[in-house]
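Following: one structure in structure tokens, then a few remarks.
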Amino acid sequence: MPEPLLEARNLKTYFYTAKGIVKAVDNVSFELYKGEALGIAGESGCGKSTLAYSLIRLVPPPGKLVSGEIVFQGKDITKLSEEEFRKEVRWKGISMVFQGAMNALNPVYNIGDQLAEVLMLHQNYTKKEALEMAKKLLQMVGIDPSRIKSYPHELSGGMKQRVVIAMALALMPPLVIADEPTTALDVVVQAQIMNLLKRLRQELGLSIILISHDLSLIAEIADKIAIMYGGKIVEYGTSEQIYNNPQHPYTQGLLNSIPRLRGEIKDLKWIPGVPPDLINPPPGCRFEPRCPFAHERCKEEPPVVEVEPGHKVACWLYVKR
Ligand SMILES: Nc1ncnc2c1ncn2[C@@H]1O[C@H](COP(=O)(O)OP(=O)(O)OP(=O)(O)O)[C@@H](O)[C@H]1O
Ligand SMILES: [Mg+2]
Numbered sequence: 004m005p006e007p008l009l010e011a012r013n014l015k016t017y018f019y020t021a022k023g024i025v026k027a028v029d030n031v032s033f034e035l036y037k038g039e040a041l042g043i044a045g046e047s048g049c050g051k052s053t054l055a056y057s058l059i060r061l062v063p064p065p066g067k068l069v070s071g072e073i074v075f076q077g078k079d080i081t082k083l084s085e086e087e088f089r090k091e092v093r094w095k096g097i098s099m100v101f102q103g104a105m106n107a108l109n110p111v112y113n114i115g116d117q118l119a120e121v122l123m124l125h126q127n128y129t130k131k132e133a134l135e136m137a138k139k140l141l142q143m144v145g146i147d148p149s150r151i152k153s154y155p156h157e158l159s160g161g162m163k164q165r166v167v168i169a170m171a172l173a174l175m176p177p178l179v180i181a182d183e184p185t186t187a188l189d190v191v192v193q194a195q196i197m198n199l200l201k202r203l204r205q206e207l208g209l210s211i212i213l214i215s216h217d218l219s220l221i222a223e224i225a226d227k228i229a230i231m232y233g234g235k236i237v238e239y240g241t242s243e244q245i246y247n248n249p250q251h252p253y254t255q256g257l258l259n260s261i262p263r264l265r266g267e268i269k270d271l272k273w274i275p276g277v278p279p280d281l282i283n284p285p286p287g288c289r290f291e292p293r294c295p296f297a298h299e300r301c302k303e304e305p306p307v308v309e310v311e312p313g314h315k316v317a318c319w320l321y322v323k324r
């Protein structure tokens with residue numbers, strides 16, 4: 004087995020707020036191999052974006068990566084100085100398409116200038132070289148390079164999202180994190196952006212971490228899926244394992260709440276109750292208050308059980324008494 008491209012071990016990222024400590028990412032571990040696509044799914048507020056920010060060291064204050072290791076290309080990048088991290092890792096090694104970024108493009112600069120700026124800042128390109136490269140990047144994401152002088156307001160939502168993806172690719176990093184890249188788009192454009200990500204992955208050998216609350220979207224592209232609940236990964240496996248053989252009651256609930264190819268729309272169910280308060284989470288399994296199978300043992304933290312090769316679930320149901 005080759006070494007993973009990225010290995011996150013026991014990550015904890017907390018927000019130190021006036022109301023208390025928000026345990027947004029609480030002991031999360033996973034690995035990602037070169038060329039692999041990992042999907043991270045879970046309800047709003049479960050810590051998906053915070054996990055992504057932790058990886059590229061952009062957790063906003065009052066948040067902080069409290070502990071854990073992030074081994075990227077064989078090196079623990081949590082040990083790097085800010086300067087080293089900026090030079091070696093962020094954008095060049097790991098880049099990110101931020102949640103909502105397509106609406107955060109600068110309205111007063113054309114897209115060519117915005118792309119060129121990234122290249123001049125990080126690659127010491129001249130303006131002319133940077134604009135040439137910007138054209139190539141636009142082409143790569145399916146935008147006619149003649150649009151290089153367009154302003155964000157002249158582009159459709161799908162095109163803006165393509166520009167944001169082009170920015171993430173500017174330094175050709177081996178790993179791109181895409182945080183809800185299709186959420187604000189209609190279904191047709193969603194499919195186009197997903198196809199673009201699939202194509203880029205193949206053509207460039209990219210590894211991708213795709214974050215979405217939409218499990219069906221993730222299953223389309225991901226080799227592996229991590230299901231997050233209340234700051235923790237509760238289930239992890241191949242797309243097939245998760246989609247066809249979900250084991251954690253939360254994953255089962257999540258899948259029952261989305262339309263499937265087979266099955267009636269009227270059979271859709273949502274999980275009653277609300278996600279946990281991450282300042283005072285339930286002491287044991289965080290899903291326990293909502294879980295239809297909860298019992299006494301669930302008041303204690305569940306162990307991670309490997310139910311079949313590579314398929315792990317944090318749930319007491321799979322621990323033999
Ligand atoms: N700047 C902040 N200050 C305090 N708490 C924060 C901050 N940012 C996030 N949180 C808290 O951290 C937890 C995780 O938030 P996060 O944004 O990572 O969730 P998410 O899974 O990305 O949700 P969504 O699907 O809505 O994007 C939430 O409880 C949120 O309230
Ligand atoms: Mg988010």
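Counted from 1, the sequence shown has number 93 at position 90 by my numbering; the numbering is strictly sequential. For glycine and all other residues, C-beta sits at the position ideal for the given N, C-alpha and C.
Taking just the CA atoms, how far does residue j sit from residue i?
| i | j | result |
| --- | --- | --- |
| Ser84 | Phe75 | 15 Å |
| Glu139 | Val121 | The identity of residue 139 in the sequence shown is Lys, whereas the question assumes Glu. Cα to Cα, the separation comes out at about 14 Å. |
| Lys15 | Pro177 | 24 Å |
| Val92 | Leu172 | 13 Å |
| Val100 | Gly256 | 28 Å |
| Ala181 | Glu304 | 31 Å |
| Val111 | Gln117 | 10 Å |
| Ala225 | Ser260 | 20 Å |
| Gly50 | Asn248 | 24 Å |
| Ala169 | Asp147 | 13 Å |
| Glu81 | Ile274 | Sequence inspection shows Thr at residue 81; the Glu mentioned does not correspond to that position. Rounded to whole angstroms, Thr81 to Ile274 spans 37 Å at the Cα level. |
| Leu281 | Pro295 | 21 Å |
| Gln193 | Gln164 | 10 Å |
| Val322 | Cys301 | 11 Å |
| Val28 | Tyr17 | 7 Å |
| Val62 | Gly96 | 17 Å |
Please confirm whether any heavy atom of ligand 1 lies closer than 6 Å to the CB of residue i.
| i | result |
| --- | --- |
| Gly48 | yes |
| Leu20 | The sequence given here places Thr at residue 20; Leu does not occur at that position. Yes, the Cβ of Thr20 comes within 6 Å of a heavy atom of ligand 1. |
| Val237 | no |
| Pro176 | no |
| Pro63 | yes |
| Val308 | no |
| His216 | yes |
| Val25 | yes |
Cβ of residue i versus every heavy atom of ligand 3: is any distance shorter than 6 Å?
| i | result |
| --- | --- |
| Leu281 | For ligand 3, the structure offers nothing, since it holds only ligand 1 and ligand 2. |
As a quick check of your reading: which residues have a C-beta less than 7 Å from at least one non-hydrogen atom of ligand 2, in chain order?
Residues with a Cβ closer than 7 Å to any heavy atom of ligand 2, in chain order: Lys51, Ser52, Gln102, Asp182, Glu183, Ile214.
Looking at C-beta atoms only, is the number of pairs between the segment 9 to 24 and the segment 199 to 207 that lie closer than 8 Å three or more?
no
Does the contact criterion of 3 or more C-beta pairs under 8 Å hold for the segment 224 to 238 versus the segment 34 to 46?
yes
Return the chain-ordered ranges of every beta strand (DSSP E) run that is complete within the segment 244 to 312 and spans a minimum of 3 residues.
DSSP runs (the beta strand (DSSP E)) wholly in the segment 244 to 312: 307 to 311.
Tell me, please, whether the segment 135 to 149 touches the segment 210 to 228 by the rule of three or more beta-carbon pairs shorter than 8 Å.
no
Could you tell me whether the segment 312 to 319 touches the segment 235 to 252, using the rule of 3 or more Cβ pairs below 8 Å?
yes
Alpha helix (DSSP H) segments (min. 4 residues) lying fully within the segment 137 to 183
160 to 172
In chain order, which alpha helix (DSSP H) runs of at least 4 residues are fully inside the segment 190 to 250?
190 to 207, 218 to 224, 242 to 247
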